[in-house]
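J.: What follows is a structure written as structure tokens; I'll ask about it next.
In the numbering used here, the protein residues as written are 1 to 365.
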């Protein structure tokens, strides 16, 4: 048997060697390695509840207030979309999920996050290879693959590197916004333990979904609970997968893909191939097809699918938060009842007024 390298969705990309100088290829490889370096260390250098000039801009906040949420959902609209058009379905979402905080983000200028369109990203293709048994899978069909870790080109093509540079800035902005929200979690009673997963869900449509993916996979040191990408032409998916191989998010984060078979900008073959790639490296990734979609437009069916994914992913976290709040409220109510039972003017001093003596007042006789 022979073991050919096979592309996952476009065999034209099997030809990885490019005309040109080896030195330029090595330079592109070095540039790729320098991208998506997290600039959100634990100390951040910023105060809680204080905005950050680098962080993604917030168009609107919905649901729970900062520092009081059980989970936070970051939503990035696609290129050309008006953020406020997403308010109706997001408002219904926070009514349905108590304790959820929603940050609706927007590009810093214009209506695009970066220049590469979803269709242009699809045309860049997915470049990777998997060793397979030619006898059982002679056509190299991904669904019939015998498994094995994928391998990737040593260096991105020039146009791939250009797309990654464009996306990096927007992904860094989202990571910084996540860092600000993470700081607020530590201010809550019984705040998040260091090293635990972030009770965050990142999502977006079109370019926004790609930014959410790259931020979660490449920039956040602590994994988030879930990521949803809807109708997204993800640029250079192989580079994303390479980052995921070394990231905690690969095993911890749940990935939800939402697409429309009628989408002419991002054909159905792309999400099928991309999900196959994510699953091949061990990601928990699911693909959801729209039944009443509108091509590459984000409408009611897409909003409903994304909302269902969020509710499924965050249910346990929000439930735990509600239980913790109920316990704290019960403790406060018992304290208030005790104080009301005291005689007027009586002080609840720990050393004299309570009907017991603390251990430090006990003397041996």
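Note that beta-carbon positions come from the ideal geometry of N, C-alpha and C, so glycine has one too.
Within 10 angstroms of the Cβ of residue 47, are there 16 or more other Cβ atoms? Answer buried if so, exposed if not.
T.: Stepping through the chain shown from its first residue, residue 47 is reached at position 47. For residue 47, the predicted structure reports a pLDDT of 42, less than 50, and the residue's modelled location is therefore unreliable. A value from the coordinates is still provided. Looking at its Cβ environment, which holds fewer than 16 other Cβ atoms inside 10 Å, residue 47 is exposed.
J.: Report all residues from its chain with a CB closer than 6 Å to the CB of residue 166; omit the five preceding and five following residues, and keep chain order.
T.: Here residue 166 is taken as the residue at index 166 of the chain shown, counted from 1. The answer, listed in chain order, is 114, 115, 116.
J.: Give me the Cα-Cα distance between residue 103 and residue 56, rounded to the nearest whole angstrom.
T.: Here residue 103 corresponds to residue number 103 of the chain shown, with the count starting at 1. Here residue 56 corresponds to residue number 56 of the chain shown, with the count starting at 1. Their Cα atoms are separated by approximately 10 Å.
J.: Let's test the definition: count the other Cβ atoms within 10 Å of the Cβ of residue 82 and tell me whether it reaches 16, buried, or not, exposed.
T.: Translated into positions along the chain shown, residue 82 becomes position 82. Looking at its Cβ environment, which holds fewer than 16 other Cβ atoms inside 10 Å, residue 82 is exposed.
J.: In chain order, what residues of the same chain have a beta carbon less than 7 Å from the beta carbon of residue 208, not counting five sequence neighbours either side?
T.: Taking the chain shown and counting its residues from 1, one reaches residue 208 at position 208. The residues are 76, 77, 78, 113.
J.: Taking only the alpha-carbon atoms, compute the straight-line gap between residue 111 and residue 222 and give it to the nearest angstrom.
T.: Along the chain shown, read from residue 1 onward, the residue named residue 111 stands at position 111. Along the chain shown, read from residue 1 onward, the residue named residue 222 stands at position 222. Each residue's Cα considered, the two are about 29 Å apart.
J.: Counting pairs of beta carbons, one from the segment 241-250 and one from the segment 264-272, are three or more of them closer than 8 Å?
T.: no
J.: Could you check the C-alpha separation between residue 197 and residue 164 for me, to the nearest Å?
T.: Within the chain shown, numbered from 1, the residue matching residue 197 stands at position 197. Within the chain shown, numbered from 1, the residue matching residue 164 stands at position 164. Approximately 26 Å, taken between the alpha carbons.
J.: Which ranges does the beta strand (DSSP E) cover as unbroken runs of at least 3 residues, wholly within the segment 43-123, from first to last along the chain?
T.: The segment 43-123 contains these whole beta strand (DSSP E) runs: 57-63, 71-76, 100-106.
J.: What residue range is occupied by the uninterrupted beta strand (DSSP E) comprising residue 169?
T.: Position 169 of the chain shown holds residue 169. Element bounds for residue 169: not the beta strand (DSSP E) but the alpha helix (DSSP H), 158-185.
J.: In its own chain, which residues sit with a C-beta less than 8 Å from the C-beta of residue 318, not counting the 5 before and 5 after it?
T.: To locate residue 318, count along the chain shown from 1; it is residue 318. Taken in chain order, the residues that qualify are 70, 71, 97, 98, 99, 100.
J.: Nearest by alpha-carbon distance to residue 230: which of 278, 108, 301 is it?
T.: Here residue 230 refers to the residue found at position 230 of the chain shown. Comparing Cα-Cα distances from residue 230 to each of 278, 108, 301, the minimum goes to 301.
J.: Look up residue 205 in the DSSP assignment and say whether it is helix, strand or coil.
T.: Position 205 of the chain shown, counting from 1, holds the residue named residue 205. Strand, per DSSP.
J.: For the candidate residues 278, 284, 309, whose alpha-carbon lies nearest to that of residue 150?
T.: To locate residue 150, count along the chain shown from 1; it is residue 150. Per the Cα distances, 278.
J.: Assuming residue 172 and residue 54 form a contact by the criterion Cβ under 8 Å, report the distance between their Cβ atoms to the nearest whole angstrom.
T.: Numbered from 1 along the chain shown, position 172 holds the residue referred to as residue 172. Numbered from 1 along the chain shown, position 54 holds the residue referred to as residue 54. The Cβ separation is near 7 Å, so the contact holds.
J.: Give me the DSSP bridge partner(s) of residue 230.
T.: By 1-based counting over the chain shown, the position of residue 230 is 230. In DSSP, residue 230 forms a bridge with 205, 258.
J.: I'd like the span of the alpha helix (DSSP H) that includes residue 243, first residue to last.
T.: Along the chain shown, one-based indexing puts residue 243 at 243. Residue 243 -> alpha helix (DSSP H) spans 237-245.
J.: Work out the CA separation of residue 159 and residue 27 for me, nearest whole Å.
T.: The residue you call residue 27 lines up with position 27 of the chain shown. The residue you call residue 159 lines up with position 159 of the chain shown. Rounded to the nearest angstrom, the two C-alpha atoms are 14 Å apart.
J.: Output the boundary residues of the alpha helix (DSSP H) element that contains residue 401.
T.: In the structure as shown, the chain begins at 1 and stops at 365. Residue 401 is therefore absent and cannot be evaluated.
J.: Where does the unbroken alpha helix (DSSP H) through residue 196 begin, and where does it stop?
T.: Start at 1 with the first residue of the chain shown, and residue 196 comes out as number 196. In this chain, residue 196 is not harboured by any alpha helix (DSSP H), its DSSP state being neither H nor E.
J.: Compare the C-alpha of residue 286 against each of 179, 74, 273, 30 and name the closest.
T.: For the purposes of this step, residue 286 is taken as residue 286 along the chain shown, with counting starting at 1. Closest by alpha carbon: 273.
J.: Just the Cα atoms here: how many angstroms apart are residue 236 and residue 259?
T.: If you number the chain shown from 1, residue 236 lands on position 236. If you number the chain shown from 1, residue 259 lands on position 259. If I take the Cα positions, the gap works out to 18 Å.
J.: Using CA atoms only, rank isn't needed, just tell me which of 253, 199, 184, 185 is closest to residue 218.
T.: One-based indexing of the chain shown puts residue 218 at position 218. Cα-wise, what sits closest to residue 218 is 253.
J.: Nearest CA to the CA of residue 291: which residue from 220, 262, 107, 203?
T.: Indexing the chain shown from 1 puts residue 291 at position 291. Residue 262 is the option with its Cα nearest to residue 291.
J.: Would you mind stating whether residue 233 and residue 118 have Cβ atoms separated by less than 8 Å?
T.: By 1-based counting over the chain shown, the position of residue 233 is 233. By 1-based counting over the chain shown, the position of residue 118 is 118. Cβ distance < 8 Å, so residue 233 and residue 118 count as in contact.
J.: Roughly how many whole angstroms lie between the Cα atoms of residue 169 and residue 108?
T.: In the chain shown, counting from the first residue as 1, residue 169 sits at position 169. In the chain shown, counting from the first residue as 1, residue 108 sits at position 108. Roughly 11 Å between the two C-alpha positions.
J.: So which of 255, 184, 276 has the shortest CA-CA distance to residue 312?
T.: Along the chain shown, one-based indexing puts residue 312 at 312. Checked all of 255, 184, 276; the closest Cα to residue 312 is 255.
J.: Just the Cα atoms here: how many angstroms apart are residue 178 and residue 89?
T.: In the chain shown, the residue the question calls residue 178 occupies position 178. In the chain shown, the residue the question calls residue 89 occupies position 89. Straight-line Cα distance between these residues: approximately 22 Å.
J.: If you compare alpha carbons, which of 182, 122, 200, 248 is closest to residue 282?
T.: Along the chain shown, read from residue 1 onward, the residue named residue 282 stands at position 282. Closest in C-alpha terms to residue 282, from the list 182, 122, 200, 248, comes 248.
J.: Just list the residues that DSSP pairs residue 200 with in beta bridges.
T.: The residue given as residue 200 occupies position 200 in the chain shown. Answer by DSSP bridge pairing, in chain order: 72.
J.: Keeping to the same chain, check which residues put their C-beta closer than 6 Å to that of residue 63; ignore five residues upstream and five downstream.
T.: Here residue 63 refers to the residue found at position 63 when the chain shown is read from its first residue. Answer for residue 63: 94, 100, 101, 102, listed in chain order.
J.: Classify residue 84: buried if its beta carbon has 16 or more other beta carbons within 10 angstroms, exposed otherwise.
T.: Residue numbering aside, residue 84 sits at position 84 when the chain shown is read from its first letter. Residue 84 comes out exposed.
J.: What separation, rounded to the nearest whole angstrom, lies between the Cα atoms of residue 314 and residue 162?
T.: Your numbering for residue 314 matches position 314 in the chain shown. Your numbering for residue 162 matches position 162 in the chain shown. Distance between the alpha carbons of residue 314 and residue 162 is about 35 Å.
J.: Nearest to residue 246 by alpha carbon, out of 227, 220, 180?
T.: The residue you call residue 246 lines up with position 246 of the chain shown. Closest by alpha carbon: 220.
J.: Please look up how many angstroms separate the CB atoms of residue 215 and residue 174, rounded, as I've assumed it's under 8 Å.
T.: Counting from 1 along the chain shown, the entry for residue 215 is found at position 215. Counting from 1 along the chain shown, the entry for residue 174 is found at position 174. Their Cβ separation, rounded to whole angstroms, is 4 Å, which keeps residue 215 and residue 174 in contact under 8 Å.
J.: Count the other C-beta atoms from every protein chain shown that fall within 10 angstroms of the C-beta of residue 61, then say buried if there are 16 or more, exposed otherwise.
T.: Here residue 61 corresponds to residue number 61 of the chain shown, with the count starting at 1. Burial call: exposed.
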